[in-house]
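Right, one structure below, let's go through it.
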Amino acid sequence: MNGAVTGALRTTLRLEGLCVLLVATACYARYGQGWGWFATLFLVPDLAFLGYLAGARVGAIAYNLSHSYIGALACLLAGVLLPHPLWLAAGLIWAAHIGFDRALGYGLKYAQGFGFTHLGLIGKQARGTAATPQAPSATAQR
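Last residue of the sequence shown: number 142 in the UniProt record's numbering, and the count goes up by one each step with no gaps.
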């Protein structure tokens, strides 16, 4: 077991990501702040890639912080409870981005490297140029 889902479960999680993308985008069409903001902010979570300049472990932490639904849901909650339309819009854009990535198969990262995700191997790891990953150790996840 390498810590990544496979088969029908992987397909289900990718379809779930597609659903999040579609629903968040539809809600943004109704409650958002214009498509210019959507286009401008959609890729902002990917700035977390800069964490990989400090190594795979730091990169995985940065990526996972910006690609977990927790932050997007916190923005959505703030947008609803305050109420504040900019928080709501930010949460919808963030959720749409995460859904987009998950639909494409980009899952949360393990500290072994960018190509090791909870949705399976991506990049050169998926093409077989790297060894098959073992279950992430407790120290690799910290």
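Idealized CB from N, CA, C, for every residue including glycine.
Discussion item. Tell me the rounded alpha-carbon separation between residue 128 and residue 121.
Written reply: 9 angstroms
Discussion item. Determine whether the beta carbon atoms of residue 94 and residue 71 lie at a separation below 9 angstroms.
Written reply: yes
Practice prompt. Go ahead and pull the three-state DSSP assignment for residue 79.
Written response: helix
Practice prompt. Would you list the one or two residues that DSSP bridges to residue 121?
Written response: 116
Discussion item. Which residue wins for smallest C-alpha separation from residue 89, given the options 8, 3 and 29?
Written reply: 29
Worksheet entry | Alpha-carbon to alpha-carbon, residue 96 and residue 21 | 4 angstroms
Practice prompt. In angstroms with no decimal places, state the Cα-to-Cα distance between residue 64 and residue 105.
Written response: 14 angstroms
Discussion item. On the DSSP bridge list, what partners appear for residue 110?
Written reply: 113
Worksheet entry | Three-state class that DSSP yields for residue 66 in the structure shown | helix
Worksheet item: Can you tell me the Cα-Cα spacing of residue 46 and residue 66, whole angstroms?
Response: 8 angstroms
Worksheet item: How about the stretch 50 to 57 and the stretch 107 to 115: do they share at least three Cβ pairs that are nearer than 8 angstroms?
Response: yes
Worksheet item: What are the boundary residues of the alpha helix (DSSP H) that includes residue 22?
Response: 7 to 31
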